[in-house]
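Read the structure below first, then the notes.
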Amino acid sequence: MQEAAAAPDDDQLLAGYRVLDLTQELGVFCGKLLADLGADVIRIEPPGGDPSRRRGPFLKDVPHPEHSLHFLYYNTGKRSVTLDLEQPEGQALFKRLLAKADVVVESFPPGYLDGVGLGYEQLRKVNPGLVMAAVTPFGQTGPYKDFKASDLVLMGMSGWMQITGEPEWPPTRQGNEQSHFPGAQYAALGIVAALYNRDLVSGAGQYLDVSVMEALLTYYTENHAALTWLLSETNVGRPGVRSRMTVPMGVFPCQDGWIALGVVSAAEWESLARWIAEATGDDAILDDKYKGGTHARQAYYDEIIAYVIGFVTGLTRQELFTEGQRRNLAVLPVATVEDMLNDPHLAAGDFWVELDHPVAGRLKYPRGAFDTDIIHPPRKAAPLLGEDNQSIYCHELGLSPEELGALRSGGVI
Amino acid sequence: MPQGILRGVRVLELGPLVALPLTGRYLAALGAEVIKLETNRVLDDMNYIPGWKPGIGQPEYQAMKRRITLDVRHPKAKPVLEKLFKISDVFVTNFRRRVLREWGMDFTQIREINPNIIILWQTGAGSQGPYGEHKTFGNLIQHLCGVSPMTGPADDDTPGTANNSYSDYHAGVFQPTAIIAALLRRRRTGKTAFMECSIFKAGAVTTGPAVLDFQANGRFPLRLGNRHRYAAPHNAYPCRGDDRWCTIAVFTHQEWRGLVQAMGSPPWAQDGRFLTAADRVRHAEELDGLISQWTQSFTAQEVMERLQQAGVPAGVVARGQELAESPQLKDREFYRDTRYYIPERGKPGTEWEEGEEKVIAWSVPIRFSETPCLSGPMHRIGEDNDYVYRELCRISPQEMDELNREGVLS
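Rendered as structure tokens:
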């Protein structure tokens, strides 16, 4: 079902809400999600630019504040102002921005904002309806709250690395810096819920504390390492590319790359076994002992995996994908970023959105997880450093050009 | 009626596995009344997680839902379904449209029954496009999202994976976020919403800057294992014990100095090969070897504590044991004790025995200062039939008897 026509911007889910985004890598995706849902997200950067602007990879490998592909990826749809939060004039200006905002999201080390006089208790005096969310490695409380962390450290401490990779590999982190997502996503969920509470229930704002370590732990519940330890005093290890959830389920090397293939129901097994028998001429795989759904074949794991590997080795990714789906089997090619950018399905759904950036030029960005007319694709590429200083400080807050100039020469913006 | 932010909001959930049940779980923790529509005839595959007794994993997905049974294929199910749609604010499902149609639940029909209902349809790959009808599972879809080939060591091209359906979990959080935003919009504009979210695209959004790097620089994401393109040392280092590791991630000069001091300022640390970050990245292999010699004489916990004291980002590579015993997670009461039920095929869910083991479920990792997330036990399948059908749908006791006798509510 499709809504009649594309909704105008003021019809977006979060139209009318304003977010001040003070985040670093662990929270930056939160603001992007809220911007995707239609909120007005203003990125507050220190006068020299957000530290993530110095983060690679860079466009054409040239380090430059407008070339950081990291910054470009995580800040689509946002506006940018510069502001030194540690100077009194900067703080005063921040409080003026705050009076017109609904949300502050930050990811400074716990206690930092309190230390500079901009903690939640101080800010709620300016704006009692404020919803403020902090995304930090371990949360605002507990013995590890001040521990220093990075993606690698968090992926280790949350247990993800212990279960990632082949059994003979050392613990391995995911290549997409997975820790940048779950905490930020929970913060977005919490913020939207807190706005609902403020606007429809209580009228009051509140403070949200999100621990990335905890968020990451909920993202592999089917492997639930802590519960497994409690039940059996065994530690979940690295399973490699094949799951034991059902047999077979996982990734297999085929003629020109890797293919993901899995069977859940008895009918799916029947379909796969027939296909293997037809392709290899070996009927042994049709044996009754292998038949059945989720629980079947666990005792024959090694045999089944050997059959599947022998079978897929002779076929290409495309052959397996097309024929597998024709036979109503879940067979999918393992994709690189290039495959994704050329994927016909993503193209058909307009998943890749071309956005122009004055320095970085035109690049394709992901639209988002949703297909619906009321969630628009990102409206614009990431902002230039301080791109919106004039429009926000002068047009919205009413600063004169002289005042703006004085703030600039004072290093406040 | 539960307390919490979303009190008064009623959600009807239909569908198994991971992302969809988690969507309902989050909404329930936020105070919505989530009615999970199931049947005793087909059990969710997530009851059967290998290595665990059946049913043990279910509280994580189903806690606090009102669980009712209905055989949607029964000819007399339709009027019951209509009543359920009428009393709900939100409907979430992950069934294919063809199947929903067979059951009389096409989205346009639902809208005729309840014009205000917000519908979230979770699909595998997204319904528009060539894979629209393709068969997929979250566990496999993750490999469509570009991350597996960039995960793992440089000298091996095996796709690296944690072998869990991580894109399911992304969808599981995206979905309730959009649902609550749609409730806000409905109050603001009076308009309802129809939203589709796919597991594939939920994963594809999180591929990260590598998609820009490929476009801008023509570069495939480097497989660096645990190393970093711009920082060293940056790896997991072996510690005392079997398969025990501690990560160390040094980005700044100050952190490098802290590491060197914590190691007792060994002479090799002054070597010209390790002076700047660029030097260290260039000589990462030798550097990792030297640091490993130091880490191997300590436990992972000791390495982490020594380095954190020195201001160096470092952390144990936690196993289940460390997570179950973590002082940090205990301090924040992250895990709660809960109960589960042992599934028995052919027996109604209300008659399942309670499991004997102590099991735990995580609490939703959002700490609200004013309106904490709710936590509570998982109900049995069908436990809430009386409450939902009689109290909410106002079906009379006589009708209930008839529906039960004819197997409609099974």
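Chains A and B, in that order, are what the protein sequence lines are. For the first sequence, our numbering gives the first residue as 1054, with consecutive numbering after it. For the second sequence, our numbering gives the first residue as 226, with consecutive numbering after it. All residues carry an ideal CB built from backbone N, CA and C; glycine is no exception.
Secondary structure of residue i, DSSP reduced to three states
i        : result
F362(B)  : coil
M529(B)  : helix
P1181(A) : coil
Q400(B)  : helix
R469(B)  : coil
E1456(A) : helix
T431(B)  : helix
S1444(A) : helix
E1056(A) : Note that E1056(A) has pLDDT 41, beneath the 50 cutoff, so the model's placement of it is unreliable and the number below is only indicative. Three-state result, E1056(A): coil.
K1344(A) : coil
Q347(B)  : strand
G282(B)  : coil
E636(B)  : Missing from the structure shown is residue 636(B); chain B here goes from 226 to 635 and no further.
T1333(A) : helix
A253(B)  : helix
I260(B)  : strand
T523(B)  : Residue 523(B) is actually Phe in this sequence, not Thr. Three-state result, F523(B): coil.
F1161(A) : coil
Q495(B)  : helix
D1204(A) : helix
S517(B)  : helix
Residue i to residue j span [Cα, whole Å]
i        : j        : result
V315(B)  : P378(B)  : 45 Å
G1130(A) : A494(B)  : 45 Å
Y1126(A) : G433(B)  : 7 Å
D1074(A) : Q534(B)  : 30 Å
T1415(A) : T1347(A) : With the sequence shown as reference, residue 1415(A) is identified as Arg, and Thr is not the correct amino acid for it. Cα to Cα, R1415(A) sits roughly 47 Å from T1347(A).
H299(B)  : D626(B)  : 16 Å
M1266(A) : L447(B)  : 25 Å
Y391(B)  : G282(B)  : 17 Å
V506(B)  : R1132(A) : 35 Å
G1218(A) : A1352(A) : 23 Å
L409(B)  : H1398(A) : 31 Å
L617(B)  : I1216(A) : 45 Å
L1066(A) : D1336(A) : 56 Å
P1386(A) : Y273(B)  : 27 Å
L172(B)  : L634(B)  : The requested residue 172(B) does not occur in the structure, where chain B is confined to residues 226 to 635.
S1453(A) : F1147(A) : 17 Å
E1286(A) : A1279(A) : 9 Å
P1373(A) : S551(B)  : Here the sequence assigns Leu to residue 1373(A), which means Pro is not the residue at that position. Approximately 45 Å between the Cα atoms of the pair.
G580(B)  : R570(B)  : 16 Å
E631(B)  : I606(B)  : 19 Å
L247(B)  : G1463(A) : 50 Å
M1210(A) : G1168(A) : 28 Å
L268(B)  : R323(B)  : 21 Å
L365(B)  : G1101(A) : 43 Å
E238(B)  : G574(B)  : 17 Å
P1190(A) : V589(B)  : 16 Å
E1174(A) : Q1140(A) : 19 Å
E1056(A) : F399(B)  : With a pLDDT of 41 at E1056(A), under the threshold of 50, the modelled position of that residue is not reliable, and the figure given next carries that caveat. Cα to Cα, E1056(A) sits roughly 20 Å from F399(B).
K1113(A) : D496(B)  : 32 Å
V1317(A) : N339(B)  : 35 Å
P374(B)  : G229(B)  : 42 Å
Residue i: CB within 7 Å of a non-hydrogen atom of the ligand NAP
i        : result
G1109(A) : As presented, the structure is devoid of all ligands, the ligand NAP included, so that no description of it is given.
**Prompt:** Taking a cut of 9 Å between CB atoms, which residues from the region 533–551 of chain B lie near chain C?
**Reply:** Note that chain C does not occur in the displayed structure, where the protein chains are A and B.
**Request:** Enumerate, from N- to C-terminal direction, the unbroken alpha helix (DSSP H) stretches of 4 or more residues contained entirely within the region 1218–1252 of chain A.
**Result:** You should have 1235–1249.
**Item:** Interfacial residues, the region 407–432 of chain B to chain A, with Cβ spacing under 9 Å
**Value:** Within the region 407–432 of chain B, the residues whose Cβ lies closer than 9 Å to some Cβ of chain A are A407, L408, L409, R410, R412, R413, T414, K416, A418, F419, M420, E421, C422, S423, I424, F425, K426, A427, G428, A429, V430, T431, T432, listed in chain order.
**Asked** What residues in the region 584–595 of chain B bring their beta carbon closer than 9 Å to a beta carbon of chain A?
**Response** Taking 9 Å as the Cβ-Cβ cut-off against chain A, the residues of the region 584–595 of chain B that qualify are V584, I585, A586, W587, S588, V589, P590, I591, R592, F593, S594, E595.
**Request:** Could you list the residues in the region 315–331 of chain B with a C-beta less than 9 Å from some C-beta on chain A, going in chain order?
**Result:** Shown in chain order are the members of the region 315–331 of chain B whose Cβ falls below 9 Å from a Cβ of chain A: D331.
**Asked** Can you find at least 3 beta carbon pairs, one from the region 1359–1369 of chain A and one from the region 1326–1334 of chain A, that sit closer than 8 Å?
**Response** Contact holds: three or more Cβ-Cβ distances are below 8 Å.
**Prompt:** Relative to chain A, which residues along the region 379–391 of chain B have a C-beta separation below 9 Å, given in chain order?
**Reply:** Under the 9 Å Cβ criterion, the region 379–391 of chain B contributes D381, D382, T383, P384, G385, T386, A387, N388, N389, S390, Y391.
**Completely contained alpha helix (DSSP H) runs for the region 1392–1439 of chain A, where each covers 4 or more residues** = The region 1392–1439 of chain A contains these whole alpha helix (DSSP H) runs: 1397–1401.
**Asked** According to a CB-to-CB cut-off of less than 9 Å, which residues of the region 1147–1165 of chain A neighbour chain B?
**Response** Listed by position along the chain: nothing, the set is empty.
**Message:** Please give the ranges of any beta strand (DSSP E) in the region 526–586 of chain B, keeping only runs that are unbroken, at least 3 residues long and fully inside the region.
**Reply:** Those beta strand (DSSP E) runs which fall completely within the region 526–586 of chain B and span 3+ residues are 539–541, 560–563.
**Message:** I'd like to know if the region 1218–1228 of chain A and the region 552–564 of chain B are in contact, where contact means that at least 3 CB-CB pairs between them fall below 8 Å.
**Reply:** Because the criterion of three Cβ pairs below 8 Å is not met, the region 1218–1228 of chain A and the region 552–564 of chain B do not touch.
**Request:** May I ask you to verify whether the region 1188–1198 of chain A touches the region 448–461 of chain B, counting CB pairs closer than 8 Å and requiring at least 3?
**Result:** Flag = no, the region 1188–1198 of chain A and the region 448–461 of chain B do not touch.
**Message:** I'd like to know if the region 1169–1187 of chain A and the region 1138–1156 of chain A are in contact, where contact means that at least 3 CB-CB pairs between them fall below 8 Å.
**Reply:** Output reads yes: the region 1138–1156 of chain A touches the region 1169–1187 of chain A.
**Item:** Near-chain B residues of the region 1223–1234 of chain A - C-beta to any C-beta below 8 Å
**Value:** Going along the region 1223–1234 of chain A in chain order, one finds P1223, P1224, T1225, R1226, Q1227, G1228, N1229, E1230, Q1231, H1233, F1234 with a Cβ nearer than 8 Å to chain B.
**Asked** With a cut-off of 8 Å, do at least 3 Cβ pairs link the region 506–523 of chain B to the region 1255–1270 of chain A?
**Response** No, because fewer than three Cβ pairs between the region 506–523 of chain B and the region 1255–1270 of chain A fall closer than 8 Å, the two stretches do not touch.
**Message:** To test your reading of the DSSP string, which unbroken beta strand (DSSP E) runs of 3 or more residues are found completely within the region 264–321 of chain B?
**Reply:** Qualifying beta strand (DSSP E) stretches, in chain order: 291–294, 315–318.
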